[in-house]
Amino acid sequence: MASVNIRSVVKTFGETHVLKRIDLDIRDGEFISLVGPSGCGKSTLLRIISGLEQQSGGSILLDGATVDRIRPRDRDLAMVFQSYALYPHLTVAENIAVPLVMRRLNTTERSLLGTLLPSAKAKRKEIAGEVGRVCDALSISMLKDRKPASLSGGQRQRVALARAMVRKPSAFLMDEPLSNLDAKMRVQARGEIAALHRQLGSTFIYVTHDQAEAMTMSDRIAVMMGGEILQVDTPDQIYQMPLDLRVAEFIGSPKINVLQAALTEGDVLSFTFADTANNRVQAAFRPEAARLAGIANAPLAGVIHHIENLGADLFVQVMTAGGNLVVVRCDPGGIRPAIGDKVGIVMDEARLHVFGTDNRRIEGSYRLEAPL
Amino acid sequence: MSLSASQNRAGLALIAPASILAIIFLIAPLSSILVLAFTDYQLGDRSLRFIGFENFQALIDDPVFWKSLSNTLIYSAVVVPGSMLLGLVSALLIDAGTSLRSFYRTAFFMPVMASLLAMAIVWEFMLHPSFGIVNTTAKALGFASHNWLKDGDIALYVLAVIGIWQSFGFNMVLFMAGLSAIPRDLYDAAELDGTPHAWERFRLITWPLLAPVAVFVAITSAIRSFQVFDTVHALTQGGPNKATEVLLYTIYAEGFEFFRSSHAAAITIVFILLVVSVSLLRFVSLKKNGEGA
């Protein structure tokens with residue numbers, strides 16, 4: 001068990017600033033996701049926490065103590081790699097045993113002749129027992145004698161997880177562990193990893209580019225972009241109260257609708273504004289925060305461009321007069337709109353987000369102005 | 001599936017160029033050697049007589065042949081591990097280093113590309129008993145000087161050292177290719193799994209994953225070391241007192257100095273058997289690896 005504190009961590013490669021002063025406090029036992037598009041620095045941050053990469057500035061604290069000068073092996077962390085990084089020449093059981101063999105046996109006991117020592121035999125027996133228990137817990141006992149090459153992606157992922165678990169580390173670092181799995185396996189593995197976290201109670205730091213993984217598994221999400229953390233919050237807060245337009249756009253599928261708007265006195269928002277308006281903002285609303293309506297009095301209007309029927313939801317794409325594509329979620333049980341229909345769009349004013357031109361959220365309770 | 005006549009003709013036409021070349025350059029010379037080995041032919045003779053295994057019987061009774069065979073095996077026993085170890089160590093050092101990698105790679109590979117005959121002459125001067133750099137250095141450091149190439153006890157080993165110098169660069173390049181195929185992630189995983197030091201990392205990852213390359217390197221090194229000839233011819237001519245007599249040199253001397261072609265052919269058969277048996281070893285190891293994966 002460990003808390004992880006990231007204090008003003010900076011990483012530069014030559015002229016490139018990969019991480020720009022990252023501060024993040026991860027609580028003991030928390031499942032936190034670092035999510036962001038590729039190249040945002042999330043994997044670099046994870047490697048810095050593990051010690052595999054050295055930061056250019058700042059500190060990493062584990063349980064309150066700085067570990068900047070401590071080797072990765074002595075930080076008591078375990079990591080699951082995107083490639084799984086299983087030792088190809090060792091069997092599954094041998095792979096899982098490596099962290100224990102390396103830590104419990106001394107150099108003599110590990111050597112070829114040392115295996116004959118009674119102390120080595122006893123330790124190896126004890127290790128085999130622990131490996132067996134971890135294999136049982138992840139239901140991979142039948143794979144123990146196989147080599148990684150003969151395993152499926154999902155099985156390899158479990159072996160990698162088992163190798164991380166066997167040592168009972170104080171925190172787990174996971175670098176996109178599910179990205180090599182097919183879509184179906186990924187959903188299943190998502191549930192398994194979340195369950196594992198609840199069962200072990202250890203700190204999990206999970207790096208992913210998939211917002212759905214972050215949303216479904218995490219206690220908290222840190223959204224990273226361009227080497228900065230834009231927002232750290234619970235999945236609900238991130239989704240409902242994005243503090244930055246880029247967070248709002250990254251989280252949620254289908255993507256949030258963003259339109260240029262004019263903000264006039266009394267928090268009145270209008271989508272029909274003169275181009276010269278200097279009170280421009282960006283208004284955003286999620287597909288489920290809007291509904292189709294008659295054209296009369298609707299703040300937005302357009303022609304239905306395409307309809308995506310997902311069974312449970314109907315996502316209607318409306319091309320507005322201004323040339324924006326707006327997605328509106330409809331109930332498939334209701335009246336089915338048709339492509340080419342002229343429709344109005346009405347948004348739930350309570351669920352409108354307004355961002356300034358600097359992408360930061362502007363707090364307020366807005367009213368929409370319908371065009372005359 | 002049966003092939004039509006035209007398909008048959010097309011197939012034969014397509015393998016013809018390769019087959020003809022193989023027959024001219026491989027199968028014909030090999031079979032003529034095989035035939036010669038059972039005759040009494042001497043270079044320039046107008047006729048020949050089959051004499052069965054007499055040439056081989058003569059080999060068994062010939063101390064020079066046994067000396068030559070054992071010298072070849074001793075030479076290989078020094079050169080193969082020597083050039084492998086040096087190749088592996090330099091590959092690991094270059095791989096671990098960050099600067100001047102291509103410089104070291106080129107520098108160590110140069111002896112492989114250089115003409116060995118020319119290099120042998122350079123070595124001859126370096127090893128010269130009175131003014132060679134080796135002896136002058138040894139003397140300056142207070143060691144005894146030697147007549148390196150004329151001392152029967154050490155001449156073969158001196159040639160082996162030259163052999164190692166000449167060939168380890170090639171092994172280094174093969175090992176480097178093998179090293180670059182090992183995923184970096186494995187070393188990261190090993191660090192987090194708690195491998196305490198570089199030697200343990202080497203034992204856990206590098207050596208097992210390099211094993212197929214090592215087998216290949218061992219076998220090619222062995223075959224190339226059996227073929228040692230240039231340095232022997234240039235530096236010692238098999239002397240002193242047959243101390244550096246090796247198979248290929250014996251074949252050359254028998255065939256082209258004493259013109260006993262049939263005798264040389266018999267030694268060649270032995271040489272070929274030696275090379276083939278090592279190649280078979282590789283075949284077996286490949287098969288074993290194939291099953292293991």
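Just so you know, the protein sequences line up as chains A and B, in that order.
Numbering (the working numbering) for the first sequence: 1 to 372.
Numbering (the working numbering) for the second sequence: 1 to 293.
The beta-carbon is built from N, C-alpha and C at its ideal position, and this holds for glycine as well.
Taking 8 Å as the cut-off, the Cβ atoms of L204/B and Y87/A count as close.
Listed along chain B are E191, L192, each with a C-beta nearer than 7 Å to that of P72/A.
Scanning its chain for C-beta atoms nearer than 7 Å, with the 5 sequence neighbours on each side dropped, one finds around F56/B the residues A266, in chain order. Interface annotation, P208/B: in contact with chain A, CB-CB separation under 8 Å.
Interface residue (Cβ-Cβ distance to chain A less than 8 Å): T98/B is not classified as such. Within chain B, the residues I205, P208, L209, A211, G292 have their CB atoms less than 9 Å from the CB of H89/A, given in chain order. Neighbourhood of D188/B in chain A, by CB distance below 9 Å: R47, S50, L52, P72, M79, F81, A85, in chain order. Here V159/A is not near I205/A, since their CB atoms are 8 Å or more apart. Secondary structure of Q199/A (DSSP, three-state): helix. Nearest in C-alpha terms to V270/B, of all of R282/B, L281/B, V246/B, L286/B, is V246/B.
Excluding its 5 nearest sequence neighbours in each direction, G51/A has C-beta neighbours in its own chain below 6 Å: P72, R75, listed in chain order.
Contacts between P183/B and chain A, judged by CB atoms closer than 8 Å, involve S83, A85 in chain order. M142/A has a beta carbon lying at 8 Å or more from every beta carbon in chain B. The three-state secondary structure of Q166/B, taken from DSSP, is helix. L141/B: not part of any alpha helix (DSSP H); DSSP gives it neither H nor E. Looking from the CA of D230/B, the closest CA among P240/B, T244/B, V217/B, D151/B belongs to T244/B.
Interface flag for V98/A against chain B is set, since a Cβ pair is found closer than 8 Å.
Beyond the five residues adjoining it in sequence on each side, I33/B comes within less than 6 Å, by CB distance, of A265, T268 in the same chain, given in chain order. Look at the beta carbons and you see the region 37-53 of chain B not touching the region 66-82 of chain B: under three pairs across the two are nearer than 8 Å. In the assembly as shown, V275/B is an exposed residue. Its beta-carbon has fewer than 16 other beta-carbons within 10 Å.
Taking all protein chains shown into account, E176/A has 16 or more neighbouring C-beta atoms within 10 Å of its C-beta and is therefore buried. Cβ neighbours of D136/A within its own chain (closer than 6 Å, five residues either side excluded): none. In this structure, the straight-line span from the alpha carbon of I164/B to that of V79/B is close to 5 Å. If you draw a straight line from the Cα of Y75/B to the Cα of T115/A, it comes to about 35 Å. Within chain A, no residue has its CB atom less than 7 Å from the CB of T39/B, the nearest being about 52 Å off. The beta-carbon separation of D244/A and R360/A, rounded to 6 Å, stays under the 8 Å limit for a contact.
Within chain B, the C-beta atoms nearer than 9 Å to that of M102/A come from A190, D193, G194, T195, P196, E200, L204, in chain order. Using a C-beta cut-off of 8 Å, the region 2-9 of chain B makes no contact with the region 247-265 of chain A, since fewer than three inter-stretch Cβ pairs fall below that distance.
Counting other Cβ atoms within 10 Å of its Cβ, V247/A reaches 16 or more and is therefore classed as buried. I223/B carries a helical assignment under DSSP once its states are collapsed to helix, strand and coil. If you draw a straight line from the Cα of R47/A to the Cα of R336/A, it comes to about 50 Å. Here K20/A carries a strand assignment [DSSP, helix/strand/coil].
By the Cβ test, the region 99-116 of chain A is not in contact with the region 207-223 of chain B, since fewer than three Cβ pairs between them sit closer than 8 Å.
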